[in-house]
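Numbering (my numbering), first residue to last: 6 to 237.
Virtual Cβ for every residue (Gly too), placed ideally from N, Cα, C.
Small disclaimer: the values here were computed from a predicted structure and weren't measured.
What follows is a short report on a single structure.
Below, the structure is given as structure tokens:
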């Protein structure tokens, strides 16, 4: 039993190594890219549509509606970034049903990379919405005394995003591995189903937190929203 896909090394030459995290991450990105290309190849505007197109539209509209409920104006502007985050984390969880597969989100390096994407996206969208001066002004509101605290908050919430997702994904994989050695028939199936549900919930929470942070940076959300959401 291994704690992280980082420990599964397929090839190594000196300090350069190819581990399961890298392989499964790129494999997952390739599958998602090919799937997106296939399902969007023949989209129809008619009333009679293929089932996969209805499923795709339901998923996209659902994510867009959730973004709008956060308070972000023009949710379609943020849909590519937030939707990609959700689909990647959710797909990484769903793929755990495949034998021998370790979710890349079970590696701290992957969750840190996802958190850093949010860290960069927050000021990007903030400057895009409010301008550079308007965004920087949010760091000194309501007073200049809040500047160091707001800077610390930017870094700490990024760390919290990475550790939250990593901890939940790793603990789920560990529990299933332990149960496989103790009761190799009934409980692992139930725990796998529970792990899938937990992983999808974590994908939702990660995406919602990212949307909340962006809403606060763009001036369309309340500053108290991230703290309230993070406690759930």
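Within 8 Å, strictly: CB atoms of residue i and residue j
i, j, result
"residue 34", "residue 108", "no"
"residue 220", "residue 105", "no"
"residue 132", "residue 144", "no"
"residue 117", "residue 167", "yes"
"residue 112", "residue 9", "yes"
"residue 84", "residue 68", "yes"
"residue 211", "residue 90", "yes"
"residue 11", "residue 30", "no"
"residue 110", "residue 170", "yes"
"residue 208", "residue 95", "yes"
Contacts around residue i, its chain only, beta-carbon distance under 8 Å, and the 5 residues preceding and following it disregarded
i, result
"residue 218", "123, 127, 162 and 231"
"residue 240", "Past the boundaries of the shown model lies residue 240; the chain is included only from 6 to 237, so the question cannot be answered."
"residue 125", "none"
Neighbour-count burial assignment, residue i, 16 or more Cβ in a 10 Å radius
i, result
"residue 62", "exposed"
"residue 45", "exposed"
"residue 204", "buried"
"residue 154", "exposed"
"residue 59", "exposed"
"residue 39", "exposed"
"residue 115", "buried"
"residue 55", "exposed"
"residue 157", "exposed"
"residue 70", "exposed"
Cβ distance (whole Å) where residue i is taken to contact residue j below 8 Å
i, j, result
"residue 261", "residue 222", "The first residue shown for the chain is 6 and the last is 237, placing residue 261 beyond what the model contains."
"residue 93", "residue 37", "7 Å"
"residue 72", "residue 201", "Going by Cβ atoms, the distance from residue 72 to residue 201 rounds to 24 Å, so no, they are not a contact pair."
"residue 159", "residue 224", "Wrong, their Cβ atoms sit about 16 Å apart, outside the cutoff."
6 Å CB neighbourhood of residue i in its chain, flanking five on each side removed
i, result
"residue 235", "At residue 235 the pLDDT is 40, less than 50, meaning the model places this residue with poor confidence; the figure from the coordinates comes in the next sentence. Excluding positions up to five away in sequence, the list is empty."
"residue 82", "none"
Own chain partners of residue i with C-beta closer than 7 Å, once the 5 adjacent residues on each side are dropped
i, result
"residue 57", "44"
"residue 151", "145"
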